[in-house]
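Enquirer:
Residue numbers (this note's numbering): 98 to 400.
1) Among 114, 127 and 225, which one has its Cα closest to the Cα of residue 275?
2) Could you check what DSSP says for residue 296 in three-state terms: helix, strand or coil?
3) When we look at the beta-carbon of residue 57 and count the other beta-carbons within 10 Å, is it buried (16 or more) or exposed?
4) How would you label residue 172, buried or exposed, when you count the other beta carbons within 10 angstroms and need 16 or more for buried?
5) What residues match up with residue 318 in a beta bridge as DSSP calls it?
6) Closest to residue 328 by C-alpha separation, out of 228, 243 and 111, would be which residue?
7) Residue 195 lies in the alpha helix (DSSP H); which residues open and close that run?
8) Helix, strand or coil for residue 141? Go by DSSP, reduced to three states.
9) Let me check understanding here. Comparing Cα to Cα, which of 290, 325 and 351 lies closest to residue 340?
10) On the three-pair Cβ rule with 8 Å, is the segment 339 to 355 touching the segment 316 to 327?
11) Pick helix, strand or coil for residue 133, following the three-state DSSP scheme.
12) Work out the CA separation of residue 325 and residue 204 for me, nearest whole Å.
13) How about residue 119 and residue 285: do their beta carbons lie closer than 8 Å?
14) Return helix, strand or coil for residue 288, following the three-state DSSP convention.
15) Would you be able to state if there are at least three C-beta pairs under 8 Å between the segment 215 to 226 and the segment 133 to 146?
16) If you follow the alpha helix (DSSP H) that residue 216 is in, where does it begin and where does it stop?
17) Taking the alpha helix (DSSP H) that residue 263 belongs to, which residues open and close that run?
18) The alpha helix (DSSP H) that contains residue 159, what's its start and end?
19) Please report how far the alpha carbon of residue 144 lies from the alpha carbon of residue 117, in whole angstroms.
20) Taking buried to mean at least 16 other C-beta atoms within 10 Å of its own C-beta, is residue 123 buried or exposed?
21) Find the nearest neighbour of residue 199 within the set 258, 296, 351 and 151, judged by alpha-carbon distance.
22) Enumerate in chain order the residues of its own chain whose CB-to-CB distance from residue 156 is below 8 Å, with the five nearest sequence positions on each side excluded.
23) Please classify residue 313 as buried or exposed, where buried requires at least 16 other C-beta atoms within 10 Å of its C-beta.
24) What's the C-alpha gap between residue 256 and residue 283?
25) Going by C-alpha distance, which of 190, 277 and 174 is nearest residue 125?
26) Apply the 10 Å Cβ neighbour rule to residue 355 and answer buried if 16 or more other Cβ atoms are within range, or exposed otherwise.
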């Protein structure tokens, strides 16, 4: 990342992934309100592993751009001694985040094929690790994220933190639709905020009043002429974040009501099921069995 395209592309991916999860969680809860169990990922009819495969491909492409395709010499190391130059540290940090998401998606496929008893909790744990890695590297970023850009990244960390917490809580509360709803929404919000950052930080016409784009260490950053201008710019970022939050909330509530109306009616009047819904129900039934076994073991240990 670090450029307009570098934020737009992952932003679109996070937005689409979160929206896909939001749709499926609402659909599942509408069809099975009493037996709902959260799914970590959602299979499709053909190919079944489309979601994790797209995560692997997208993250691999991001690593290629960060470390090779986006570099002048098509390699990120110092040609003289083979070390990592300071201005390329952020490329390795972003690639480390991508690598964690590749790990998550790969094990999602492996666990689905082998179906160990604890696969649901483990894949949730790896997903939480991916968000924890993301939060850790954004917080301790090698780039000096100060001023307006720093505030954008600070608010992004808040959204990532919500994704992390809801994923961890989902391990203990697999039947909580609210947790799945908030997690899906936070993933989409990550994408929206990344795309907003891309437009606001690298589009000259969107630079706040009395601030300007300045080239530092080969990249464009926003600098303000005085403290008053900086405070004004940060306040505008807060307002923007607040408006996005309200807009996303309104959309999510409307989306929930819309899908509830569609799939709630299907629950009452139709017994037709597609192959895709059967696959998801198989995943749900497996997770219910795991949850029941763990509960019984807990009761036995107490006895």
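The C-beta atom is built at its ideal place from N, Cα and C for all residues, glycine as well.
Values in this document were obtained by computation on a predicted structure and should not be read as measured data.
Expert: In terms of the structure at hand:
1) 127
2) helix
3) Residue 57 falls outside the range modelled here, since the chain spans only 98 to 400, and no answer is possible.
4) If you draw a 10 Å sphere on the C-beta of residue 172, you find fewer than 16 other C-beta atoms in it, and that means exposed.
5) 311
6) 243
7) 186 to 211
8) coil
9) 290
10) The answer is no - the segment 316 to 327 does not touch the segment 339 to 355, with fewer than three Cβ pairs under 8 Å.
11) coil
12) 50 Å
13) yes
14) helix
15) yes
16) 216 to 236
17) Residues 244 to 269.
18) 147 to 161
19) 16 Å
20) buried
21) 151
22) Contacts found: 195, 196, 198, 199 and 202.
23) exposed
24) If I take the Cα positions, the gap works out to 6 Å.
25) 277
26) exposed
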